[in-house]
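Protein chains in written order, with this note's numbering: chain A, 1 to 236; chain B, 237 to 472.
Glycine included, each C-beta is placed from N, C-alpha and C at the ideal position.
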DNA sequence: GAAATATTGTTTCTTTGTGAAACAATAGTA
DNA sequence: TACTATTGTTTCACAAAGAAACAATATTTC
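Shown next, in the form of structure tokens:
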């Protein structure tokens, strides 16, 4: 599982910010390299014979088991000193792998992607080098290696700016959800409370929701409708 | 001037969409390789010892002579077959350079940037490989090599989406301009007419314009105010 | 089984913002 | 001096957004 130099494009990687929503909080997937105490975003390399997008999809599907993932590229990080060969070296040595020279120790420019996935239906798997992968609350992340904290910041910024246009939130929810669920997704991403009545009006006005029978819920109050989002032509 | 393999990151390039505004129309800079009839965006490669952003700035300043350029990265294009080695080979051979193998014939992933510059104060210079560089009306571009037309499309899309937030338009205007000038920039970028009264109200409301004395103009009508945009702390 | 409670779905009212038109001002022209 | 073209501003109508109030209902409590 040591990466063969000839198979991959050198000096170029991708890093992914994988968002999930637990029902209350926005979370992202973080890898941990136990022996080094290093936290990192899931990332990977691009084969010489594959599309950039395909490389990212491949990596995410390996880690999450999901094939149909909402993926968006948001920025490419190219500062000269963003990558630190010493950190990579420690990670490999923490795994018992000692290599004097390797293309992986070079300087890397990295393309940032974010993904939105349904938290409930995923059981993430660590990759070959990492010992664990897990969900972390977005508002209390550990310190990540290299510039990964900045990458996360930029991902959220992009997500916020495009939340309305792209109805991204749906990718974070299960098939059926209540209006309150949807509102909580918006609130956790935007970081501010939304007015309940206006939020409902706005969402229904978009004409993308399908209303179903009422939820037979356990709450001691009026049961909310369940919604799903309409299948569109563009969906495959 | 043949690029040395050891100096540059392989398989990675940048392409730049350089916007200018002639006073009426939105234009972009296009290179032409005469002997091949090929049109292309100005682009370049990244040295192993420089920031990605610096590489792009270096390239633009070589071509435009301007150092302080508004630059924004908008997308990285990574489709496997986006670059075509045959086209590159023809360009080199058109220059009388015949090389059997060269890293420049490899597959390239390219980072797209756009720049906004003041049309009047720039006299663009072609690079080593191209015979000419010139302004083309944005709405009547020639067919460009590889995926460069798509790159331009995506640049405009990004520019439109961020026009309000970032007040980008100012980078396209001379130091002093009228409200009508500013409105024409907006209209040419957005591709639709703006209401005159509301546009003025909106722009003044942003509190970023400084109003100066009236222009002593030649028009047979009330002379318009001249404006400049306020210097901000963040400017260096 | 009736009242109480919590939350949902909707409506109403107010405020704010936007689009279009009208009005007033003025530099040059006839 | 009147006329014309365009600018700067105001007004009006309408739509959107924010806040509060009202009505409906599933469960709990008495």
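Chain A residues whose Cβ lies nearer than 8 Å to that of residue i
i              : result
residue 315(B) : 51, 52, 53
residue 416(B) : Neighbours of residue 416(B) on chain A: none; closest Cβ ~30 Å, over 8 Å.
residue 325(B) : Under the 8 Å cutoff, chain A gives no residues; its nearest Cβ is about 19 Å from residue 325(B).
Any C-beta of chain B under 7 Å from that of residue i
i              : result
residue 84(A)  : no
residue 9(A)   : yes
residue 69(A)  : no
residue 17(A)  : no
residue 111(A) : yes
residue 64(A)  : no
residue 159(A) : no
residue 76(A)  : yes
residue 129(A) : no
residue 12(A)  : yes
residue 236(A) : Because residue 236(A) sits at a pLDDT of 38, beneath the cut-off of 50, its placement in the model cannot be relied upon, and the point is left open.
residue 233(A) : For residue 233(A), the predicted model reports a pLDDT of 49, less than 50, meaning its position is unreliable; a value from the coordinates is still stated below. By this cut-off, residue 233(A) is not an interface position.
residue 115(A) : no
Proximal chain B residues relative to residue i, where beta-carbon distance stays under 9 Å
i             : result
residue 58(A) : Within chain B, no residue comes near residue 58(A); the closest Cβ sits about 13 Å away, beyond 9 Å.
Residue i vs residue j beta-carbon contact at 7 Å
i              : j              : result
residue 147(A) : residue 82(A)  : yes
residue 51(A)  : residue 316(B) : yes
residue 130(A) : residue 31(A)  : yes
residue 38(A)  : residue 145(A) : yes
residue 42(A)  : residue 61(A)  : no
residue 421(B) : residue 408(B) : yes
residue 91(A)  : residue 33(A)  : yes
residue 349(B) : residue 386(B) : no
residue 362(B) : residue 369(B) : yes
residue 430(B) : residue 415(B) : no
residue 70(A)  : residue 29(A)  : no
residue 244(B) : residue 283(B) : yes
residue 299(B) : residue 360(B) : yes
CB contact below 7 Å: residue i versus chain A
i              : result
residue 340(B) : no
Other residues of its chain near residue i: CB distance less than 7 Å, five sequence neighbours each side excluded
i              : result
residue 280(B) : 249, 250, 291, 295
residue 120(A) : 174
residue 26(A)  : 19, 138, 188, 189
residue 417(B) : 409
residue 335(B) : 328
residue 303(B) : 297
residue 457(B) : none
residue 321(B) : 341
Within chain B, the residues that residue i reaches when beta carbons sit closer than 8 Å
i              : result
residue 196(A) : Within chain B, no residue comes near residue 196(A); the closest Cβ sits about 28 Å away, beyond 8 Å.
residue 4(A)   : Near residue 4(A) there are no residues of chain B at all, since even the closest Cβ is about 16 Å away, more than 8 Å.
residue 211(A) : Residues of chain B passing the Cβ test: none, with the nearest at roughly 31 Å.
DSSP bridge partner residues for residue i (one or two, in chain order)
i              : result
residue 115(A) : 18(A), 71(A)
residue 135(A) : 29(A)
residue 186(A) : Answer is none; residue 186(A) lacks a bridge partner.
residue 249(B) : 281(B), 346(B)
residue 275(B) : 268(B), 380(B)
residue 211(A) : 227(A)
residue 244(B) : 283(B)
residue 77(A)  : 110(A)
residue 413(B) : 463(B)
Contacts around residue i, its chain only, beta-carbon distance under 6 Å, and the 5 residues preceding and following it disregarded
i              : result
residue 176(A) : 226, 228
residue 246(B) : 339
residue 35(A)  : 94
residue 453(B) : 459
residue 170(A) : 229
residue 448(B) : 462
Cβ-based neighbour list, residue i, same chain, cut-off 8 Å, excluding 5 preceding and 5 following
i              : result
residue 450(B) : 459, 460, 461, 462
residue 22(A)  : 119, 135
Chain A contact residues for residue i, given Cβ-Cβ distances below 7 Å
i              : result
residue 309(B) : 75, 76
residue 466(B) : Within chain A, no residue comes near residue 466(B); the closest Cβ sits about 24 Å away, beyond 7 Å.
Where residue i meets chain A, residues with beta-carbon distance less than 9 Å
i              : result
residue 202(B) : For chain B, the structure presents residues 237 to 472; residue 202(B) sits outside this window and is missing.
residue 390(B) : Correct list: empty, because the minimum Cβ distance to chain A is about 11 Å.
residue 216(B) : With chain B covering only 237 through 472, there is no way to say anything about residue 216(B).
Residue i CB to nearest heavy atom of the ligand PLP below 6 Å
i              : result
residue 361(B) : Annotation note on the ligand PLP: not contained in the displayed structure, which lists no ligands.
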